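Asks: First the structure, which I've put down as structure tokens, then a few questions once you've had a look.
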Amino acid sequence: MNLFASKDDLIRWLDSLLQERTVIAPVRVQEQTVFQPISKVEEIAFDFDNTTLSPKGWFLPPTETLFSVQGDDGQVELVPTLVEQDAILFGLHPCDAKGIALMDKPFLQEPGDALYRERRSRTALVGLACGQVQPECFCTSMGSAPDDPSNVDILLTEVEDGYIVQAVTEKGKALLPKGLAEYKGKVPTPPELQAVPAKEVISAMRELFNDPYWEQLADRCLHCNICAYVCPTCYCFDMRDYADKGKVERVRSWESCQSPGFSLTAGGYDPRTTKGERLRQRFYHKFLYFPEQFQDVACVGCGRCVRDCPVNIDIREVISNLQQVMEAKSGS
Amino acid sequence: MGPESPFIPYLATLKTATQLTPDIKLLSVELEDPDIRASFDYKPGQFALLSAFGEGEAPFGIVSLPLRKDGLEFAVRRIGTVTRALQELEPGDTLGVRGPFGNYFPLEDYVGKNIIIIGGGIGMAPLRPVINKILERRDNYEELLIINGARTPQDLVFQPEFPSWMETPRTRLELTVDKGDKQWKGRVALVPDVVKELAPSPNNAIAIICGPPIMIRFTLAGLRNLGFKDNQIVTTLEAKMKCGLGKCARCNIGENYVCQDGPVFTLEQISQFLEQP
Amino acid sequence: MSVEYQPKVIGFLCNWCSYAGADMAGTSRMGYPQNIRIIRVPCSGRVDPLFVVKCFQRGADGVLVSGCHPGDCHYTEGNYHTRRRFALLREFLDYLGIAKERLRVEWISASEGQRFAELVSDFTAELARLGPRSKI
Amino acid sequence: MELIQQIRDKARKLLEEGAVEGVIGYERASDGVTSRPLFAYDPSATERLIFDETCAHNLVKYLLDKKGKKMAVVVKPCDSRAINLLLNERQIERDKVFIIGVGCPGMVETSWNHKSETLQAKCRSCQLFKPLVYDFLAGGEIERQAEEETYSDITEAETESVATRREFWLEQFGRCIRCYACRQVCPGCYCPVCFAERLEPLWVGIRIAPEENELWQTIRTFHLAGRCIGCNECERVCPVGIPLSLLNRKLEKDVKELFAFQAGLDPEEQPPFATFKKEEKLEFGE
């Protein structure tokens, strides 16, 4: 049932939440918008095209300590990192919410990642439906939508003098401020998006593993980690120990299949050395391996990689090229 | 109670560390928590992630057999930061063990078959439990041919166990080295050439290979020439692994995660995606 | 300055001149503050700017790079390169917020034990005045 | 436009004659506004070649992926300094590169799907109107006036207190996500194993945190001292908008003052750290 909250209702509600929880929201930093914990509600940026990084960093931080090794003279004790605070992740668009739902699949699959699971259960997602979309957005082609409520606890949709408030889950209902009137007005229709036909991409992928398309596409690729780090569904990570500052910590950090050491084994053998093999791995993981394992494509159409790739490797173009190469192959 | 997070290893103590070859040490490790030690069940082919606290973690095949009294054994070749730290552990030191991970050699499917085991250098280590398991139930299997190659004679792994392998009925051990030395009287040849020379028959046979990628590539070709089909050739893939839990996607070869769907694969499963067989 | 704050100093001393100079200071009982941890290097030219920045990252309050007087280098030109590298690095670190006074380059010959001892105590005193580097 | 046609014709001729195996140039990006690198191997692909004020990418580094192959590459005046740098450091062979030089109108600030009217800072103060080295010059030299490079932003920062600068840079380095795009795009960064990837010793490690980021950015920039040719691609590609040119141009200014040297102007001149002058004092007394 849709309720209505004026801008002031929303501010008061967020203020009350801020007293006993951490609130992570989009904040303007220089010319960028980033998700970060806020100390005052005024810091929240409500109108932004898209954040630089996706909100996945709250559940899988760029760097975190998994556990620290304490004890001396042989008596070793492993102290796991604890998650102590409840949190609100405010202002994420439906595509980012779906990104988090996709990351749940590997991380919560038994044996689940305890840190990730704890953060997920103690964080409520308050989504913000998209009023306008960017030219690089293609969420509707990837199974999401500008007003898709399915992966958030509460969905807000902006109307003239306030927001439609839709509690989606029990967790959302429990958080709602009391005394909001029912919203009877018209629900704004979501903006239109250009479709990216992707029906055949999985079957095309199966055939084109050794196709020269990948080496040609990778010619201009710089092999930096931008596309993986801004992406809401890239979750590869690296783990190593740190023995500085007097104690040993096992640190987990973001990693990307484009970086040089990603698949390099200690003996020097590396199954993916050429540019094409590395770039191919990014698309195969998203459009073949993840779907085979979890029955869903690991892309939510947020367009961040399209926006930030220094050499414009456009994932929508790759999806259509693959299907064209497939048609040319089967046609000829 | 196991570790709350699957990333936290079980604590274990190093019992003995014996030098097998100039750069390979056999670590015998005992899990500290008795309940975990009792429940830590594994099969030949499975691996564990060993933690050298302060350096990091790396995957190692478990080369001992379950229910043996001497704890878990791992053959560690000094090749990087973690292996160096593991080799520098003294008996009594603490390390971390996570696992057992991955699938295993389906030995029950190989009953009644001729088995050809081909190991190169440290690649022989994960095959040792397979051999010992077969020797434990020798009558279930037909002919057993073991081809073990290495760069030089001292690099041959598990030499103390060669006599027991050779004395077992219907079992043949063929050793070879890339470069011999004064005392070496055996064969000096590359493993793929030995396979071609001995030309094992593919009927009712299973070939199990493990070794450096270059050896696997040429041995696979040799076996195919001898008539072995891809589902008769089994290998255990050495890939970069980090979490062992199918999450960090480092060991993604084709649509498989080596840490979960492998490391043991038939060639049929991975030939399409094996970029560099 | 508060008594308990003791600046941590790392000294890269070239084996042929400065290390010998420090040795001489020691053997002839010229005391100098033990705040300095000395790392012997074959030549001041061996000191990679990465070593110096790593020292600051890991908590050093001051770094000394010391070699033979220009012209006396055992390897003829090592200290000429040191001079160029650290002229630039010192400026650059200051620009990044690591005060220029925290990185010193000195030429100390094997016979200048006295000068080495004075230099270390002077450097330590100055670092004590500057206070701890604002660690992150 | 006449310049573009000249580039396309020359590229087509080179490919048809087999003089080069491929032509590296620019084509329109998928946003229809900006541009992106194009690798043309087949003469028909040369029809997609363009050149306008959005072609900011420095294509010279791609030559390092094509070592041993004869390639043609479209080169702006600032990019030509990267050619001189890589020649000086023996990374490319002059006879393996056919340089299609272009007179440069100056590149504008761009972002995805957006082209502004303002020239990039590096172009406002750029005195090079045609490449320093080329085999063919498309479009001839362009006359435009340029301001003097005064490094005013750098000198202004130098007047502030050390503490203010420290706070400024810690805030900037705190936002770095170590995507290494600044390294991957830089023509001067081509080490087989970067110091940041080394495990033994663990100079930087995998922790993405202000301390490690500061070490990474400080040493990455310092490795470009006397080598950075000012193409400013590192700052352009940085996804979190760190003002990296404030680092490079500080070293560029100091190298000019201390050693009277500027990178990439002459492929034979010895770079500052490869040589010395016995008599120079450089503030160290002797």
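Protein chains in written order, with my numbering: chain Y, 7 to 338; chain L, 1127 to 1403; chain B, 1052 to 1187; chain S, 182 to 467.
Think of the CB as a built atom: it goes at the ideal place given N, C-alpha and C, for glycine as much as any other residue.
This structure is a prediction, so every number in the text was calculated from the model and none was measured.
Considering only DSSP beta bridges, list what V165 (chain Y) is partnered with.
Replies: Per DSSP, Y:G168.
Asks: Judging by CA-CA distance, which residue of Y:S265, Y:D225, Y:A93 and Y:R322 is the nearest neighbour of P373 (chain S)?
Replies: Nearest C-alpha to P373 (chain S): Y:S265.
Asks: Measure from the C-beta of C311 (chain Y) to each C-beta in chain L and report whether the shortest distance is under 8 Å.
Replies: No, C311 (chain Y) does not count as interfacial toward chain L.
Asks: Can you tell me which of the three DSSP states D276 (chain S) falls into?
Replies: It is helical.
Asks: Kindly give me the distance between the Cβ atoms of V1189 (chain L) and P1289 (chain L), rounded to whole angstroms, as I take these residues to be in contact under 8 Å.
Replies: Not confirmed; about 18 Å, so no contact.
Asks: Does the distance between the C-beta of I1396 (chain L) and the nearest non-hydrogen atom of the ligand MN fall short of 7 Å?
Replies: Among the components of this structure there are no ligands whatsoever, and the ligand MN is therefore not found.
Asks: Classify G1128 (chain L): buried if its beta carbon has 16 or more other beta carbons within 10 angstroms, exposed otherwise.
Replies: Residue confidence for G1128 (chain L) is low, a pLDDT of 42 falling below 50, so the modelled location carries little weight and cannot support an answer.
Asks: Could you compute how far the alpha carbon of C1336 (chain L) sits from the alpha carbon of N1130 (chain B)?
Replies: Approximately 53 Å, taken between the alpha carbons.
Asks: Nearest chain B C-beta to D435 (chain S) closer than 8 Å, yes or no?
Replies: Interface residue, yes.
Asks: On the premise that F96 (chain Y) lies in contact with I50 (chain Y), defined as a C-beta separation below 8 Å, what is that separation, rounded to the nearest angstrom?
Replies: About 7 Å; that satisfies the 8 Å criterion.
Asks: Could you spell out where the beta strand (DSSP E) holding K1151 (chain L) opens and where it closes?
Replies: That run of the beta strand (DSSP E) goes I1150 to L1157.
Asks: Going by the CB atoms, is the gap between C233 (chain Y) and E315 (chain Y) shorter than 8 Å?
Replies: Sequence inspection shows Cys at residue 315 (chain Y); the Glu mentioned does not correspond to that position. Yes; because the gap between Cβ atoms is below 8 Å, this pair is in contact.
Asks: Is the shortest distance between the beta-carbon of G1337 (chain L) and the beta-carbons of chain Y less than 8 Å?
Replies: For G1337 (chain L), the answer is no, since every Cβ of chain Y falls outside 8 Å of its Cβ.
Asks: Grab me the residues of E1181 (chain L)'s own chain with a C-beta within less than 7 Å of its C-beta, minus the 5 sequence neighbours each way, in chain order.
Replies: Same-chain partners within the cutoff: T1207, V1208 and A1211.
Asks: Just to confirm, are I1359 (chain L) and T1392 (chain L) a CB contact at a threshold of 8 Å?
Replies: Going by C-beta atoms, I1359 (chain L) is nearer than 8 Å to T1392 (chain L).
Asks: Show which residues of chain S have a CB atom less than 9 Å away from the CB atom of F1143 (chain B).
Replies: Per Cβ cutoff of 9 Å: T399, T402, F403, A406, L428, K431, L432 and D435.
Asks: Taking T1209 (chain L) as the query, report the chain S residues whose CB atoms sit under 8 Å from its CB, ordered along the chain.
Replies: Chain S residues near T1209 (chain L): none, gap ~12 Å exceeds 8 Å.
Asks: Residues in the same chain with beta-carbon distance under 7 Å from A1325 (chain L), minus the five sequence neighbours each way, listed in chain order, please.
Replies: Cβ neighbours of A1325 (chain L) beyond the five flanking positions: L1352.
Asks: Could you check which residue in Y:Q76, Y:G118, Y:D102 and Y:L214 has the C-alpha nearest to that of Q330 (chain Y)?
Replies: When only C-alpha atoms are compared, the closest one is Y:L214.
Asks: Name the one or two DSSP bridge partners that G1275 (chain L) has.
Replies: According to DSSP, G1275 (chain L) bridges with L:G1246 and L:T1302.
Asks: Let me see if you follow: with CB-CB separation under 8 Å, is E381 (chain S) close to chain L or not?
Replies: Yes, contact with chain L.
Asks: Which of the three DSSP states is assigned to L309 (chain S) in this structure?
Replies: Looking at L309 (chain S) - three-state DSSP - the assignment turns out to be coil, as it is neither helix nor strand.
Asks: Under 9 Å between beta-carbons, which chain Y residues line up against A1138 (chain L)? List them in chain order, please.
Replies: Chain Y residues near A1138 (chain L): none, gap ~10 Å exceeds 9 Å.
Asks: Taking its Cβ as the centre, do 16 or more other Cβ atoms sit within 10 Å of V1314 (chain L), making it buried, or is it exposed?
Replies: Burial call: exposed.
Asks: Throw me the rounded Cβ distance for the V1283 (chain L) and M1250 (chain L) pair, which I believe falls under 8 Å.
Replies: With a Cβ gap of about 4 Å, V1283 (chain L) and M1250 (chain L) count as contacting.
Asks: Verify whether the separation of the beta carbon atoms of C370 (chain S) and P420 (chain S) is less than 8 Å.
Replies: No, the pair does not count as a contact, with Cβ atoms beyond the cut-off.
Asks: Could you tell me the alpha carbon to alpha carbon distance between L1198 (chain L) and V1155 (chain L), rounded to whole angstroms?
Replies: Cα to Cα, the separation comes out at about 5 Å.
Asks: Any idea what DSSP makes of W260 (chain Y), helix, strand or coil?
Replies: Strand, per DSSP.
Asks: Would you decide whether S342 (chain S) is buried or exposed? Buried here means 16 or more other CB atoms lie within 10 Å of its CB.
Replies: That one is exposed.
Asks: For E1268 (chain L), I'd like the list of residues in its chain whose CB is within less than 8 Å of its CB, leaving aside the five on either flank, ordered along the chain.
Replies: So the qualifying residues of the chain are G1238, K1239, N1240, I1241, R1296 and N1330.
Asks: Measuring alpha carbon to alpha carbon, tell me which of L:A1333, L:M1367 and L:E1381 ends up nearest G1187 (chain L).
Replies: Minimum Cα distance to G1187 (chain L) is reached at L:M1367.
Asks: Would you call the CB atoms of A1071 (chain B) and A1161 (chain B) closer than 8 Å?
Replies: For A1071 (chain B) and A1161 (chain B), yes; Cβs fall inside 8 Å.
Asks: In terms of residue numbering, what span does the alpha helix (DSSP H) encompassing S147 (chain Y) cover?
Replies: Taken as a continuous stretch (DSSP letters only), S147 (chain Y) belongs to no alpha helix (DSSP H), as it is neither H nor E.
Asks: Looking only at its own chain, which residues have a Cβ that is under 6 Å from the Cβ of D320 (chain Y), when we skip the five neighbours before and after it?
Replies: Cβ within range, chain order: V312.
Asks: Any beta-carbon of chain L closer than 8 Å to the one on C233 (chain Y)?
Replies: It does not; no Cβ of chain L falls within 8 Å.
Asks: Can you give me the Cβ contacts of D1356 (chain L) inside the same chain, cut-off strictly under 7 Å, excluding the 5 residues immediately before and after it?
Replies: Closer than 7 Å at Cβ, skipping near neighbours: T1392, L1393, E1394 and S1397.
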